[in-house]
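Participant:
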Amino acid sequence: MAPRDPHRPAPALTLLSLGAGVQSSPLLRVAAGNIRDDALDPRHRFAGMPLFIHGPHGERRMGRRQCTSEYKVRPLKRETRRLLGHPHPARVPKGVYASQAIGISPDEAHRAKDADVGYLRNVFPLLDIGWTRRDCAAFLTLHGLGDTPKSACVGCPFRSNESWNEMKTTDPASFEDAVAFDAAIRHGPPGATANGMPLQGTAYLHRDRIPLDQVDFGIDTGPEPDGCSPWSCRGSEEPDEEDAGNDGGDR
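All residue numbers for the sequence shown refer to the UniProt record's numbering, where the first residue is 1 and numbers rise by one.
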């Protein structure tokens, strides 16, 4: 459920690194299903999303966040264990670990977090060299990769009006997908309802708690909220909102 293909520039980046004399590693992609399809399938176990909820008595809250763990963290941990030669449920020996580079820039240094398992050690190369988002964008543009999309899910609620409007303008197919998904989860994901967890209230992808296709994106909602990249999940809370989620994963 990602806009366009966030991995599309990978082959070009591989060639770029080789041209700079950097030894290239195999390009591996991991996945754990499709969050949209899973959320709308009443037979599938539902991983909570941080949806904006309007309660039956007018209260405003957010749904529990489990999607980062389910669709990002766990697949990465599973593949790391395999590469280290100790797949789950085997115990990874002490001192055996993989270094994991995460693209957090100084603009969002507060999101840089350590891994929660001993066999992964997070490193943050952009922090080490001091590259901001603007520096990264300039580098990508210089090498013909200026249209590289963000990896956020199409239906991720952590978007500003500017971000939603950009999707609507530059990727209308993804925006229509988000509109359809927004309508489909209005009364809670079918999977959650089928498993005895009906939603108390109505759910929305937009913070104003109105249908996505009715939002006036011309209203400035401020900077883009922190997203939910692995081990750098959203650290700040929206005023008078409750975010009951937490992240975990296969250890």
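Heads up, the beta-carbon is just placed ideally off N, CA and C, and yes, glycines get one too. Fair warning: this is a prediction, and the values are worked out from it, not measured in the lab.
If we require 3 or more residues per run, which beta strand (DSSP E) segments fall completely within the stretch 76 to 138?
Facilitator: DSSP runs (the beta strand (DSSP E)) wholly in the stretch 76 to 138: 98 to 101 and 120 to 123.
Participant: Take residue 105 and list the residues in its own chain whose beta-carbon comes closer than 8 Å to its own, dropping the five residues that flank it on each side.
Facilitator: Here the set comprises 126, 127, 131, 132, 133, 135 and 136.
Participant: I'd like to know whether the C-beta atoms of residue 157 and residue 62 end up nearer to each other than 9 Å.
Facilitator: In contact: residue 157 and residue 62 (Cβ atoms closer than 9 Å).
Participant: What did DSSP end up calling residue 217 once you bin it into helix, strand or coil?
Facilitator: In this structure, residue 217 counts as coil in the three-state DSSP scheme.
Participant: Could you give the DSSP three-state label for residue 167: helix, strand or coil?
Facilitator: Looking at residue 167 - three-state DSSP - the assignment turns out to be helix.
Participant: For residue 204, write down the residues that DSSP places opposite it in a beta bridge.
Facilitator: DSSP lists 52 as partners of residue 204.
Participant: Label residue 46 either buried or exposed according to how many other C-beta atoms from any shown protein chain fall within 10 Å of its C-beta, with 16 as the threshold for buried.
Facilitator: That one is buried.
Participant: Pull up the DSSP beta-bridge partners for residue 197, would you.
Facilitator: Bridge partners of residue 197: none, in fact.
Participant: Closer than 8 Å to a non-hydrogen atom of the ligand SAH - does that hold for the CB of residue 203?
Facilitator: For the ligand SAH, the structure offers nothing, since it holds no ligand at all.
Participant: What residues in its chain sit with their C-beta under 6 Å from that of residue 38, if we drop five residues either side in the sequence?
Facilitator: The residues are 44.
Participant: Start and end of the alpha helix (DSSP H) containing residue 36?
Facilitator: Taken as a continuous stretch (DSSP letters only), the alpha helix (DSSP H) holding residue 36 covers 35 to 40.
Participant: Determine the DSSP secondary structure at residue 61, reduced to helix, strand or coil.
Facilitator: Strand.
Participant: Give the straight-line distance between the Cα atoms of residue 213 and residue 69, rounded to the nearest whole angstrom.
Facilitator: Each residue's Cα considered, the two are about 29 Å apart.
Participant: Spatial neighbours of residue 224 within its chain, please: C-beta separation below 6 Å, excluding the five flanking residues on both sides.
Facilitator: Contacts found: 160 and 163.
Participant: Which of the three DSSP states, helix, strand or coil, is assigned to residue 160?
Facilitator: Coil.
Participant: Do residue 186 and residue 52 count as a contact pair if the criterion is CB distance below 9 Å?
Facilitator: Not closer than 9 Å, so no.
Participant: Output the distance between the C-alpha atoms of residue 184 and residue 40, rounded to the nearest integer angstrom.
Facilitator: Rounded to whole angstroms, residue 184 to residue 40 spans 8 Å at the Cα level.
Participant: What first and last residue would you give for the alpha helix (DSSP H) that runs through residue 172?
Facilitator: Taken as a continuous stretch (DSSP letters only), the alpha helix (DSSP H) holding residue 172 covers 172 to 184.
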